[in-house]
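When the count follows our numbering, it moves up by one through the sequence shown with no breaks and lands on 238 for the last residue.
Don't be surprised by glycine CBs; every beta carbon is placed ideally from N, CA and C.
Being a predicted model, the structure only gives us computed values, none of them experimental.
Read through the structure below, which is laid out as structure tokens, and then see the notes.
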Amino acid sequence: MLLGHDDGYVRDQNMKVTIVYNHFGPNCNQRMPRIRHGYAHVANNLYQGWVQYAIGGSMEPSLKSEANLFIAPITRSKEVTWRKGSHKNGDRWEFHLVRDAFENGASFAVTKGRRVPKPNYSKEQRFKVFDSKYVRSLTRSSDVLPCNKTSKY
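Okay, structure coming up:
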């Protein structure tokens, strides 16, 4: 899931995306999501292993990871995040975690010394973020979207 057009598309700096109640894995490689520019709020998702990384970013994105469950793969990378530095402006992305849970040695490299960005949802957009101990039950019915050539999705 790649969020953002390309590194040079600066209009994506205003992008705001929420990713909630998904089950990723066990054989996903990367980009769950990868954020270029903009802001992403990732909440109540189950990450069941990854090959390279689970959440990545480039071009100074902001990320709030909240109450997710990260289960590291047995034999591969335990680090959840991947960051591509911006050669022009330095490495000024903001990756924050709030009440995430980690199993099997999973780890998350957070941004230090900055405050956690807020999603600034409107009244209609707000939703409850549950404790990470409920993520397995929240994502139990998650499935792939059935798309084919005749699908309306």
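Can you give me the start and stop residues for the beta strand (DSSP E) that residue i sits inside?
{"i": "SER143", "result": "140-143"}
{"i": "SER147", "result": "147-151"}
{"i": "TRP167", "result": "166-169"}
{"i": "VAL136", "result": "Careful: VAL136 lies outside any beta strand (DSSP E) and carries neither H nor E."}
{"i": "ALA128", "result": "124-128"}
{"i": "PHE187", "result": "186-188"}
How close, in whole Å, do the beta carbons of residue i and residue j come, if the pair is a contact with beta carbons under 8 Å?
{"i": "VAL165", "j": "ALA125", "result": "Wrong, their Cβ atoms sit about 14 Å apart, outside the cutoff."}
{"i": "SER105", "j": "GLY123", "result": "Checking the sequence, you will find Val at residue 105 rather than Ser. Not confirmed; about 17 Å, so no contact."}
{"i": "ASN153", "j": "VAL127", "result": "6 Å"}
For the alpha helix (DSSP H) that residue i lies in, which residues bound it at each end?
{"i": "SER222", "result": "220-223"}
Exposed or buried, residue i, counting other C-beta atoms within 10 Å across all chains shown (16 or more means buried)?
{"i": "VAL95", "result": "exposed"}
{"i": "GLY93", "result": "exposed"}
{"i": "TYR206", "result": "exposed"}
{"i": "ASP185", "result": "buried"}
{"i": "PHE212", "result": "exposed"}
{"i": "HIS90", "result": "exposed"}
Are the CB atoms of residue i and residue j nearer to each other than 8 Å?
{"i": "ASP97", "j": "ARG121", "result": "yes"}
{"i": "THR148", "j": "ARG119", "result": "A small fix is needed here, since residue 148 is Leu in this sequence, not Thr. For LEU148 and ARG119, no; Cβs fall outside 8 Å."}
{"i": "ASN114", "j": "VAL220", "result": "no"}
{"i": "SER150", "j": "LYS169", "result": "no"}
{"i": "PHE155", "j": "PHE193", "result": "yes"}
Practice task
Say whether the stretch 156-167 touches the stretch 214-231, bearing in mind that this needs 3 or more beta-carbon pairs closer than 8 Å, one atom from each stretch.
Solution key: no
Exercise for the section: Flag this pair as touching only if the stretch 106-121 and the stretch 132-142 have three or more C-beta atom pairs under 8 Å; answer yes or no. Expected result: Touching, yes, given that three or more Cβ pairs across the two stretches are closer than 8 Å.
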